[in-house]
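Mapping of the sequence shown onto this note's numbering: position 266 corresponds to residue 266, and the numbering continues sequentially without gaps. Where is the CB? At the ideal position from N, CA and C, for every residue including glycine.
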Amino acid sequence: MSTQGDTHRRSRHRWRRTSSTVATGAVVAGLLVLSPGQADAAGTTYTVDNSTAAGCSDTPTTGQPYCSITAAYKAAAAGATITVGPGTYNERVDVAKAGITLDAPAGATVDGTGTTQLLYGFNITGGNVTVDGFTFTNQATAGVNVSGADSTVIRNVTVTGSATNGIRVVSGSNVKISQVTAKNNARAGILLAGATNSTVSSAETFGNQREGVSIQGGSGDVVEHVTTHDNANTTTADRLAPGINVTNWVPSAGAAAVPATDITVQRNVSYGNDDSGIQVYGGSQNVTVSRNLVYDNGDHGIDFSMASSGAVVSNTALRNFTAGINIESNAAGAGALATVADNVAMNNGNGDGSSTLLRTRGDIRVDAPSVAAGSQIDHDLVFDSAGQTVLTWGTTTYPSLDAFHKDVPDQEVHGLYADAKLDANDVPGAASPAIDAADAGAAGFTANDLNGNGPVDDPTVRDTGAGTPTFADLGALERTTVPANDRGPSAS
Ligand SMILES: [Ca+2]
Ligand SMILES: [Ca+2]
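Set out below in structure tokens:
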């Protein structure tokens, strides 16, 4: 097992900032001097630049740029683009008009520091608003707050040093958050609460005191291609900061909790968090956790608990402190209902050899109520290089599949107990037993792996998988380097 893989893991999975483009045909502010009350045409561009050389004015008369984003916004009609030059802008901008684009093509910082710490950097309530290219820092509640707005786009953004969340979305639908760095915020880096059909993708979240990404309530949301790591609460010994969290949402004090439904968490990398790599809680329903790489987390790799339902399929879970994939009941004793398949889970649930925080053991654990609820495990590879527990079923722990099958012959029928021989990138190495062994018919199975590669047939390995095709590999990553087929007609 390599640990030096971190460097290229980070580079391999990190998103790349795409360049923003200033709208062509942009009209500078000076050409937009209008008589009072005259409406601007939608689609016009306003320029903000508070640098000394720009000679800005918030009441421009001779073509100079605005000094503040707020002044430009107030002048703009719905549908306008506000282009912001490099600099630091110490203001809160409330964006209620529809279709506004706030663009900082060369980067700009919105700083909430002041005599009173500002609640928000941008506070968005209008629909179809785009935020591109900004850094937000030192806000009290959120760098970007989106409340009840549909089709918001937030991209190429850094949020850091918020006293609460980096990005906070409450309600609304079709919100797209991508190419975002959310770091060192006092609560979740990115929070979506009650949002529907929304996506967090190609983001990096780290150093937050709570979740890297938190999906609370809502439905149809997707978290994909996020690298989340080293989130940790530094003020208590509790595990409070998972990499990715899916749970319920309480819209207001005293209201009933709304469970998250139909959520997809796929192709993410989560490591080094003080809590679990990925957590599904709060009675979440129909959550699919697939093709994720989770390792070295302070609790589970994947914690699928609290009466939630769905699939945990084709993940790679390595060296997590407690049980690698954990299926657990809620406080009332209601089990979780999960199908667990095609995962590679090795050397999980061993703690640090002494800590009382090691409460669960094994690569896969299903507690008794979750067994009773009908959870199933099959086609998983489990292994412990020191011969310790690999499975916990109900209340019994097992150090091997042979021992497990003596008690439970009808689960993990196609499972493997073997070293997956992963390479430094956690891809199955040559002769890995994970090659061509997955069930492509498993609930929640998705063909493309963490890196976007589809299944590849290794002609030297007999296909032991099921479904179509029969040669997908176990775990988050497919081995794409395979020998040439030497069984063809030209073979000697
Ligand atoms: Ca394969
Ligand atoms: Ca094969």
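Closest Cα partner of residue i within the set the options
i           : options            : result
residue 190 : 150, 219, 151, 231 : 231
residue 77  : 64, 84, 57, 98     : 98
residue 71  : 94, 62, 464        : 94
residue 195 : 351, 460, 216      : 216
residue 197 : 156, 241, 149      : 149
residue 108 : 319, 83, 324       : 83
residue 417 : 184, 236, 423, 390 : 390
residue 426 : 478, 239, 369      : 478
residue 466 : 379, 44, 104, 480  : 379
residue 472 : 54, 447, 122       : 447
residue 172 : 178, 192, 410      : 192
residue 226 : 271, 474, 239, 259 : 271
residue 233 : 114, 457, 186, 423 : 186
residue 169 : 332, 249, 236      : 249
residue 238 : 455, 482, 356, 127 : 356
residue 123 : 102, 410, 213, 413 : 102
Residue i in three-state terms, based on DSSP
i           : result
residue 70  : helix
residue 407 : helix
residue 371 : helix
residue 40  : Residue confidence for residue 40 is low, a pLDDT of 49 falling below 50, so the modelled location carries little weight and cannot support an answer.
residue 358 : coil
residue 402 : helix
residue 338 : strand
residue 83  : strand
residue 54  : helix
residue 447 : coil
residue 75  : helix
residue 223 : strand
residue 417 : strand
residue 204 : strand
residue 117 : coil
residue 106 : strand
residue 160 : strand
residue 295 : strand
residue 189 : coil
residue 268 : coil
residue 64  : coil
residue 300 : coil
residue 324 : coil
residue 255 : coil
Beta-carbon proximity of residue i to residue j, cut-off 9 angstroms
i           : j           : result
residue 277 : residue 302 : yes
residue 311 : residue 345 : no
residue 296 : residue 275 : no
residue 162 : residue 135 : no
residue 165 : residue 223 : no
residue 219 : residue 261 : yes
residue 228 : residue 156 : no
residue 143 : residue 112 : yes
residue 85  : residue 132 : no
residue 119 : residue 145 : yes
residue 257 : residue 211 : no
residue 459 : residue 484 : yes
residue 327 : residue 343 : no
residue 370 : residue 419 : no
residue 176 : residue 201 : yes
residue 336 : residue 307 : yes
residue 45  : residue 80  : yes
residue 110 : residue 69  : yes
Sequence-distant residues of the same chain with beta carbon closer than 6 angstroms to residue i, five excluded per side
i           : result
residue 421 : 429, 432
residue 452 : none
residue 376 : 339
residue 490 : With a pLDDT of 44 at residue 490, under the threshold of 50, the modelled position of that residue is not reliable, and the figure given next carries that caveat. So no residue of the chain qualifies.
residue 182 : 159, 166, 189, 190, 205
residue 129 : 95, 100, 152
residue 319 : 295, 296, 347
residue 350 : 388
residue 474 : 342, 344, 381, 434, 437, 438
residue 92  : 118, 120
Neighbourhood of residue i by C-beta distance below 7 angstroms, restricted to the same chain and skipping five residues each side
i           : result
residue 476 : 291, 292, 293, 314, 315, 316, 449, 450
residue 16  : Reliability fails at residue 16, whose pLDDT of 38 lies under 50, so the model's placement of it is uncertain and no value is given.
residue 263 : 215, 221, 246, 284, 287
residue 30  : Note that residue 30 scores a pLDDT of 39, beneath 50, so its modelled location is shaky; the value from the coordinates is reported in the next line. Taken in chain order, the residues that qualify are 60, 62, 63, 64.
residue 360 : 322, 323, 326, 349, 392
residue 409 : none
Cutoff 8 angstroms; reference residue i; Cβ partners in own chain excluding five residues on either side
i           : result
residue 117 : 138, 139, 140, 163
Give a yes or no on contact between the region 423-437 and the region 390-406, applying the rule of three or more CB pairs nearer than 8 angstroms.
Output reads no: the region 390-406 does not touch the region 423-437.
Is the region 359-375 touching the region 439-448, taking contact as three or more C-beta pairs under 8 angstroms?
A contact is defined here as three or more CB-CB pairs under 8 angstroms, and the region 359-375 fails this definition with respect to the region 439-448.
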